[in-house]
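Residue numbers (my numbering): 170 to 401.
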């Protein structure tokens, strides 16, 4: 009899023990009142660089002169940031015909100044040696000019005719005081037509004032020129 009564008790106890874990899980969900959060993943392992991924900087760019940058070559090449200018080769010229210390006549036109003497060939400037070259003649021919010294007799005549035709219409301006004026013409030089004395007097006065003005200008010009030459 006792064994019969003990069997359902053990069964009920086992049923309650089976339901306990389920109740605990429900109790945790209701007590937190939040959705279950998954655990944070572990950080990924660092990526190892490969041989093809390594990039080397380019060589010195030609667009930025004077800035030194690392070269692509592993050993490196020395590049001068400020390269020296290339030296021009020395030009060999023929020696001058005037020895140093020779007196050069006709070059000293100043008063109370020493005579001009020849110098060493190395003391003369570089542009002085280029005056005797044919560069000036070449530049004239390139620009369309004509060098009369290179023309023969027939070509020179044609060239002179062209110059005369160009300058022919432009008459030379002669000042008024170099002209012969009849300011107050005599009675025998008149045509016989009646002339108003007032108009004749005013016309003569205008011509006379113009002659005086041009003569004074020419006189002032000659005085300035003579004073300049005296001061030399």
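Here a beta-carbon is modelled for each residue, glycine too, at the ideal position from N, C-alpha and C.
- Take the alpha-carbon of residue 276 and the one of residue 265: they are about 17 Å apart.
- In the DSSP assignment, residue 286 forms a beta bridge with 272.
- In terms of Cβ geometry, residue 384 and residue 346 form a close pair [threshold 8 Å].
- When DSSP states are grouped into helix, strand and coil, residue 294 belongs to the coil group.
- Between residue 267 and the set 286, 344 and 326, the nearest pair of CA atoms involves 286.
- Contact between residue 352 and residue 377 holds: their C-beta atoms lie close to 6 Å from each other, under 8 Å.
- Residue state for residue 264 is assigned as coil, using DSSP reduced to three classes.
- Per DSSP, reduced to three states, the secondary structure at residue 278 is coil, with no helix or strand assignment.
- Listed in chain order, the non-local C-beta contacts of residue 299 below 7 Å within the same chain number zero, local neighbours out to five positions each way being set aside.
- Under the three-state reduction of DSSP, residue 342 is assigned to coil, being neither helix nor strand.
- Residues of the same chain with a CB within less than 8 Å of the CB of residue 387, apart from the 5 flanking positions on each side, are 344 and 346 in chain order.
- For residue 396, the uninterrupted alpha helix (DSSP H) run begins and ends at 366-400, by DSSP.
- If you ignore the 5 residues before and after residue 280, its C-beta comes within less than 7 Å of the C-beta of 401, all in its own chain and listed in chain order.
- About 11 Å separates the beta carbons of residue 327 and residue 317, which is beyond the 8 Å limit, so they are not a contact pair.
- Under the DSSP assignment, residue 334 falls in the alpha helix (DSSP H) whose first and last residues are 322-336.
- The three-state secondary structure of residue 317, taken from DSSP, is helix.
- Taking C-beta atoms under 8 Å as the contact rule, residue 269 and residue 289 qualify, at a distance of about 5 Å.
- Between the alpha carbons of residue 272 and residue 395 lies a gap of roughly 28 Å.
- Going by beta carbons, residue 381 and residue 350 fall outside the 8 Å limit.
- Per the C-alpha coordinates, the member of 372, 262, 274 and 282 positioned closest to residue 293 is 262.
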